[in-house]
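Quick note: the sequence shown uses numbering that gives the first Met the number 0, first residue 0, plus one each step.
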Amino acid sequence: MVRGTPCQNKWALKFGIEISELDLITSQLLGSFKRHTVTFKMSASVINGIIGELMFKKEDELAPVDQEEDDDVDDAVVQAEKHGAAVGMTHRTCNIAKLAGLNDTYVGQWVRILVGGCLQQIANLLADDDLWALALAFDGSTHRGTTFFDVRIRFGFRGVLYNMHLIALPQFERHTAANIVNLVVKLMNALYSRWRKKIIGVAADGEPAMTSRIQGVVTKIVEEGEIGFIRVWCIPHQMDLVVRATTEAIEQGEWIEIVYKISVYLRAQSNLILSMAVTCPMETNRWLHLGMAVDFILKYNSRITFYIADRPNNAARPPMPTPTFWVITATVNPAIARMNRTFVELQERSLIISQQHGFLDSMLTDLVVLFSIKNACTDVADMDQLRADNFYKEEEWWVDSSSLIEFMEDLGMHANDNWDLVEEMARPAARRTSCACCASMQAECDEINHAALFEAPACMPVDLANVRPKLFWDDILTPRLARVRLFFSADDLYHRHLV
């Protein structure tokens with residue numbers, strides 16, 4: 000049987016579950032283990048705070064209670080008898096041995112109990128003295144028209160690192176940062192009241208409500224933590240935001256608009272698709288899709304230009320690509336291709352966070368060499384010798400126009416022919432646009448976003464093995480000593496293997 004405390008009985012009645020019915024559920028699911036009992040011990044905070052308050056709308060719970068009885072009850076009984084007769088006739092006609100299944104109500108009741116039991120197990124782990132640090136990760140998703148707030152939790156317990164999907168909470172309120180923070184705080188308070196002392200980090204995607212430096216969810220959760228914090232950035236998502244903002248700024252948004260209109264137009268031309276035996280990739284708001292669309296447009300540039308120019312004037316067609324458009328497209332395409340490779344590498348399932356930095360360093364090195372990008376701190380002498388219209392500077396990076404022209408000359412005949420077609424008066428603007436695109440692809444994690452004073456410590460065994468004990472004490476342990484002393488005894492803290 001399932002034993003219930005008075006609090007559990009209250010929760011069971013709240014959701015229409017009779018405790019006596021739970022024996023029936025157990026007997027159905029554990030028919031071969033009739034002598035065994037299943038006992039769930041759940042705290043009131045998990046039952047009432049999470050399941051009762053966060054996972055269901057209050058008006059939905061009150062609706063069945065407030066519904067008045069009327070004459071429709073008799074009609075429902077008659078309809079039920081008709082359906083029962085139809086099922087019985089099918090059973091006898093088809094000679095079916097048994098026509099039955101699990102009752103949806105029983106399944107729903109059992110799911111609620113299992114969810115509460117699992118949450119209680121996680122709450123017990125968080126309260127264990129062996130668990131001294133935890134990290135949260137947030138994301139959002141939509142299922143059947145309902146928005147859910149996904150929460151993952153990471154922690155170390157008895158020498159094992161766990162990465163678990165904690166819960167997906169439905170969001171009934173507006174998706175503002177304040178409502179999301181309130182949701183997270185209620186969830187964690189219900190699981191473990193001292194979570195603020197154990198939380199060590201938080202990760203989120205780059206959605207503005209999540210990462211705003213003043214009122215964002217991550218910023219507010221950082222304020223909730225009591226002892227130190229490590230903020231983890233979703234590198235692929237941050238790269239996607241940066242490069243998307245960069246491409247949308249090219250030609251005040253005209254370039255990306257032309258790419259989008261051309262891709263949509265080409266996908267609708269069935270005759271062109273049949274003659275080319277290939278379809279233009281769909282251009283969406285994701286960087287990988289943009290790269291495939293740009294590569295396709297460049298590869299079939301002559302066919303596309305001829306097809307658009309040959310269309311009647313009264314026919315629907317996208318803007319005709321200009322020579323400036325082709326020059327800019329050819330210039331940024333190598334950068335897009337290199338970044339796409341990094342995107343794929345960063346999404347490898349076996350990759351851990353500490354390994355991502357190496358892929359970023361490799362990508363940045365390749366881009367610096369590719370476009371001859373210089374550092375304003377180390378190459379300031381070269382920059383001082385140029386006129387203001389011969390280079391473009393973006394914070395600590397700058398690009399020489401002459402270096403960019405040399406790069407364009409190596410792009411092939413198509414790019415050079417279109418560069419020759421660009422009017423002399425328009426060439427400085429085209430060079431400046433290309434330079435700005437190359438130099439402005441920078442990470443969004445900076446001082447404005449309240450970067451942490453201390454970087455995350457090394458965690459790979461190969462890195463930890465090479466750390467001197469003194470450096471381990473000074474750089475890793477000392478900045479976090481207040482947290483360590485809360486959860487470790489003096490014997491553990493001064494053990495020779497630790498320092």
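Every residue, glycine too, gets a C-beta built ideally from N, C-alpha and C. Here the structure is a predicted model, which means the values were calculated and not measured.
Count the other CB atoms, across all protein chains shown, that sit within 10 Å of the CB of Val-498; report buried if there are 16 or more and exposed otherwise.
Low per-residue confidence applies at Val-498: pLDDT is 48, beneath 50, and the placement is therefore not dependable, though the value from the model is reported in the following sentence. Classification of Val-498: exposed, given that the 10 Å Cβ count is below 16.
Thinking C-beta only, is Gly-224 closer than 9 Å to Ile-199?
The beta carbons of Ile-199 and Gly-224 sit closer together than 9 Å.
Please state the DSSP three-state secondary structure of Ala-315.
For Ala-315, the secondary structure class from DSSP, reduced to helix, strand or coil, is coil.
Using only CA atoms, which one of Thr-341, Leu-289, Glu-405 and Pro-333 lies nearest to Leu-359?
Of Thr-341, Leu-289, Glu-405 and Pro-333, the residue nearest in Cα terms is Thr-341.
If I follow the unbroken beta strand (DSSP E) through Thr-146, where does it start and stop?
Where Thr-146 is concerned, the enclosing beta strand (DSSP E) starts and stops at 145 to 156.
Would you please state the rounded distance, in angstroms, between the beta carbons of Val-533 and Ala-189? I believe it to be under 8 Å.
Lying outside 0 to 498, the shown extent of the chain, residue 533 is not represented and no answer is given.
Three or more C-beta pairs closer than 8 Å, one from the segment 324 to 333 and one from the segment 267 to 277: is that the case here?
No: fewer than three Cβ pairs fall under 8 Å.
Helix, strand or coil at Arg-302 [DSSP, three-state]
It is helical.
Could you pull the start and end residues of the beta strand (DSSP E) that Ala-334 belongs to?
In the DSSP assignment, Ala-334 falls outside any beta strand (DSSP E) and within the unbroken alpha helix (DSSP H) covering 322 to 345.
Leaving out five residues before and five after Val-201 in sequence, what residues of the same chain have Cβ atoms less than 6 Å from its Cβ?
Cβ neighbours of Val-201 beyond the five flanking positions: Leu-135, Val-217 and Ile-220.
Alpha carbons only, please: which of Ile-226, Tyr-259 and Gln-108 is nearest the one belonging to Ala-481?
Closest option to Ala-481, judged by alpha-carbon separation, among Ile-226, Tyr-259 and Gln-108: Ile-226.
Touch check for the segment 105 to 117 and the segment 174 to 194: three-plus C-beta pairs under 8 Å?
No: the two stretches stay apart, fewer than three of their Cβ pairs being nearer than 8 Å.
So, with DSSP's three-state summary, where would you put Val-421?
Val-421: coil per DSSP, three-state reduction.
Cα separation between Trp-472 and Ser-140?
One C-alpha to the other measures close to 42 Å.
Run through the segment 229 to 289 for me and flag every whole beta strand (DSSP E) of 3 or more residues, listed as ranges in chain order.
Within the segment 229 to 289, the runs of beta strand (DSSP E) at least 3 residues long that lie entirely inside it are, in chain order, 229 to 232.
Is the beta carbon of Ile-234 closer than 9 Å to that of Leu-165?
Taking 9 Å as the Cβ cut-off, Leu-165 and Ile-234 do not qualify as a contacting pair.
Return the Cβ separation of Pro-311 and Ala-292 in integer angstroms, given the expectation that the two are a contact with Cβ distance under 8 Å.
Not a contact, Cβ separation roughly 25 Å.
Can you list, in chain order, the residues of its chain with a C-beta nearer than 7 Å to that of Asp-129? Leave out the 5 residues immediately preceding and following it.
Excluding residues within five positions, the ones whose Cβ falls inside 7 Å are Phe-156 and Arg-157.
Excluding sequence positions up to five away, which residues of its chain have a Cβ less than 7 Å from the Cβ of Leu-287?
Excluding sequence neighbours, Leu-287 sits near Asn-339 and Phe-342.
Would you mind working out which of Val-106, Gln-120, Thr-321 and Val-159 sits nearest Glu-250, comparing C-alpha positions?
Looking at the Cα atoms, Thr-321 is the closest of the given residues.
Count the other CB atoms within 10 Å of the CB of Gln-354; is the residue buried (16 or more) or exposed (fewer)?
Exposure of Gln-354 is indicated by the presence of fewer than 16 other C-beta atoms within 10 angstroms of its C-beta.
Can you name the residues that DSSP bridges to Pro-169?
Partner residues in the beta bridge of Pro-169, as assigned by DSSP, are Phe-147.
I'd like the span of the beta strand (DSSP E) that includes Phe-137, first residue to last.
Taken as a continuous stretch (DSSP letters only), the beta strand (DSSP E) holding Phe-137 covers 133 to 142.
In this structure, how does DSSP classify Gly-200 when only helix, strand and coil are distinguished?
In the three-state scheme derived from DSSP, where H, G and I count as helix and E and B as strand, Gly-200 is classed as strand.
Tyr-105, DSSP secondary structure in three states:
Secondary structure of Tyr-105 (DSSP, three-state): helix.
For the alpha helix (DSSP H) containing Val-184, name the first residue and the last one.
Val-184 -> alpha helix (DSSP H) spans 176 to 190.
Separation of Glu-222 from Ala-126, as counted between CA atoms:
Between Ala-126 and Glu-222, the C-alpha separation is close to 22 Å.
Let me know if Ala-329 comes out buried or exposed under the rule of 16 or more other beta-carbons within 10 Å of its beta-carbon.
Buried is the call here.
What residues in its chain sit with their C-beta under 6 Å from that of Leu-265, if we drop five residues either side in the sequence?
Within the same chain, Leu-265 has close Cβ partners Cys-279.
Residue environment, Phe-370, which counts as buried when at least 16 other CB atoms sit within 10 Å
Buried is the call here.
State the CB to CB distance for the pair Leu-476 and Val-483, rounded to an integer number of angstroms; the pair is presumed to be in contact (CB under 8 Å).
Approximately 7 Å separates the beta-carbon atoms of Leu-476 and Val-483; this is inside 8 Å, confirming the contact.
Might you give, ordered along the chain, the residues of its own chain that have their beta carbon closer than 6 Å to the beta carbon of Asn-162, omitting 5 neighbours on each side?
Excluding residues within five positions, the ones whose Cβ falls inside 6 Å are Arg-153.
Rounding to the nearest angstrom, what Cα-Cα distance links Phe-228 and Val-183 in this structure?
Cα-Cα distance, rounded: 17 Å.
Within 10 angstroms of its Cβ, does Asn-313 collect 16 or more other Cβ (buried), or is it exposed?
Per the 10 Å Cβ criterion, exposed.
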